[in-house]
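Below is one structure, written out as structure tokens; comments come after it.
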Amino acid sequence: MATYSDAIYALTNLLSENGDLEGVAAAKINELTAELEAASLEEFNPDERIRTGFTNFKTEKFE
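Here it is, written out as structure tokens:
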């Protein structure tokens, strides 16, 4: 699995070789940033997680 630094390095190299991709890269980065911000705003409810986990345990067929 690539690290954050590896991904940034690879993207930097790609953009330096293909300057015409800068607009596409900027749009994708904005989209990814919005997704990450939305994910960080979701509130974690441990009680609900226990309930859904228990329901999943009871309905899953284990061998």
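Quick note on the UniProt record's numbering: the sequence shown kicks off at 1 and runs consecutively.
We treat Cβ as the ideally placed atom computed from N, Cα and C, and that holds for glycine.
Note that the structure is predicted; figures quoted are calculated from it, not measured.
{"Item": "Run of the alpha helix (DSSP H) containing K58, from where it starts to where it stops", "Value": "P46 to T59"}
{"Item": "Limits of the alpha helix (DSSP H) - the one that G23 falls within", "Value": "E22 to L41"}
{"Item": "Segment limits, alpha helix (DSSP H) that includes T12", "Value": "Y4 to E17"}
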